[in-house]
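Here is the structure we will look at, set down as C-alpha cells.
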Amino acid sequence: AAAAKAPVKKNPKVANVSVQLEMKALWDEFNQLGTEMIVTKAGRRMFPTFQVKIFGMDPMADYMLLMDFVPVDDKRYRQVTNPWPVSRYAFHSSSWLVAGKADPATPGRVHYHPDSPAKGAQWMKQIVSFDKLKLTNNLLDDNGHIILNSMHRYQPRFHVVYVDPRKDSEKYAEENFKTFVFEETRFTAVTAYQNHRITQLKIASNPFAKGFRDCDPEDWPRNHRPGPLPLMSAFARSRNPVSSPAHQNGTEKDAAESRREF
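In the numbering used here, the protein residues as written are 322 to 583.
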C-alpha cells in the first residue's frame, strides 16, 4: 500500500495562530435545535454572523482571511408535506430525514474578508466579522455570493493565509495557510425556515429583529407562532450586539437590509 502523505509543516507565521469563535453560546443554542440559514436568489446574510477573535499572528506580517463552505455529507432531503421530491432534507417531528443522494456540487467559492490583506496587528486588535458574506441558491450568481444547494447541510471553514513576500511563494502555498473548523456553526441551507423554534430564536436574538419582538405574536411570520422554547438562554435574550468596524461604517442601506434579514 502507498505510504500516507506526511502532513505539511506549517510556516511559523501561521503555525502559532489560534482562533476563538465569538457568540459561541448562541451558536451552541442554534446548533442544539439544528441551525438553518436562509438562501435566496439575491443573497442573504448569515445570522448568527460568523465572528472570530484571532491570536498568535506576527503583528508586522500581512495576512488574508477567507471563508468557504463544504458539504457535511453526500445526502439530500425533502419536506414531508411536499409530494414532489424537489427538496433535499425533510423536517419531521423535530428532526431532518434523509431523502436521497446530494445534488451536483455548487461552484466552489470563497469569500475574502474585505479588509484583506492586513497586518496581523490589525486583525488581532478587534473582533473580525464576516457580516458582508451572503448565501445564495442562484447558480448563475455574478455578485460573488456563496452558492449553496437548498436543503443540504454545510460546514463553514475559516482560513488564515500568510501573504508570503518571497518571489517563489507559490511553492510554499500549502505551508502558508491554516484552517479552522467550528462544528457548532454547521447548518442546513433553506429557502424558508422549517423549524419554528429556529425562527423564534433568530427573532429573539437578532438585534435587527426588534420589530418582530415588539409586535403582537400573531403578526410574526406565518407558521412560526411562538411556543415553548426551553433552550432560549439568558445570553440570547440579553445579548448586546458585538461592535465591529464593519458595523460602525455600514450604510443606511446595510442597516435596513439587516433589519429585514433574520
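In this text, a Cβ means the ideal position worked out from N, Cα and C, and glycines have one as well.
- In this structure LYS523 is buried. Its beta-carbon is surrounded by 16 or more other beta-carbon atoms within 10 angstroms.
- With respect to the C-alpha of THR506, the residue from ARG474, ALA442, VAL360 and ILE375 having the closest C-alpha is ARG474.
- Here the alpha carbon of GLU357 sits roughly 36 Å from the alpha carbon of PRO380.
- In this structure, DSSP gives LEU522 a helical state, which the three-state scheme calls helix.
- Between the alpha carbons of ALA510 and ILE467 lies a gap of roughly 11 Å.
- The way I'd put it, the region 427–435 doesn't touch the region 328–347; fewer than three beta-carbon pairs between them come closer than 8 Å.
- The beta carbon of GLU343 sits closer than 7 Å to the beta carbons of GLN372, VAL373, LYS374, ILE448 and VAL563 from its chain, once the five residues preceding and following it are set aside; these are given in chain order.
- For ARG518, the number of other beta carbons within 10 angstroms of its own is at least 16, and it is reported as buried.
- Of all C-beta pairs linking the region 450–460 to the region 487–500, fewer than three are shorter than 8 Å, placing the two stretches out of contact.
- Classified as exposed, PRO328 has fewer than 16 neighbouring CB atoms from the shown chains inside 10 Å of its CB.
- Rounded to the nearest angstrom, the gap between the Cα atoms of ASP452 and ARG487 is 32 Å.
- Under the DSSP assignment, PHE351 falls in the alpha helix (DSSP H) whose first and last residues are 345–354.
- Annotated three-state conformation of TYR514 is coil, per DSSP.
- TRP444 has its alpha-carbon roughly 12 Å from the corresponding atom of VAL482.
- For VAL391 and ARG478, the gap between their C-alpha atoms comes out near 8 Å.
- Taken through DSSP and simplified to helix, strand or coil, SER339 comes out as strand.
- A check of alpha carbon separations from ALA439 across LYS455, ARG366 and VAL484 identifies VAL484 as the nearest.
- Here MET381 carries a coil assignment [DSSP, helix/strand/coil].
- Taking the Cα of SER471 as reference, the smallest distance to any Cα among GLU504, PHE376, LYS362 and SER526 is reached at LYS362.
- Between the beta-carbon of ASN527 and that of GLY355 there is about 18 Å, and that puts the pair past the 8 Å contact cut.
- Annotation for GLN476: the continuous beta strand (DSSP E) segment containing it runs 474–483.
- Counting along the chain, no alpha helix (DSSP H) covers MET358; the unbroken beta strand (DSSP E) around it starts and ends at 357–359.
- Taking the CA atoms as reference points, THR512 sits about 21 Å from VAL431.
- DSSP places LYS396 in the strand class (E or B) of the three-state scheme.
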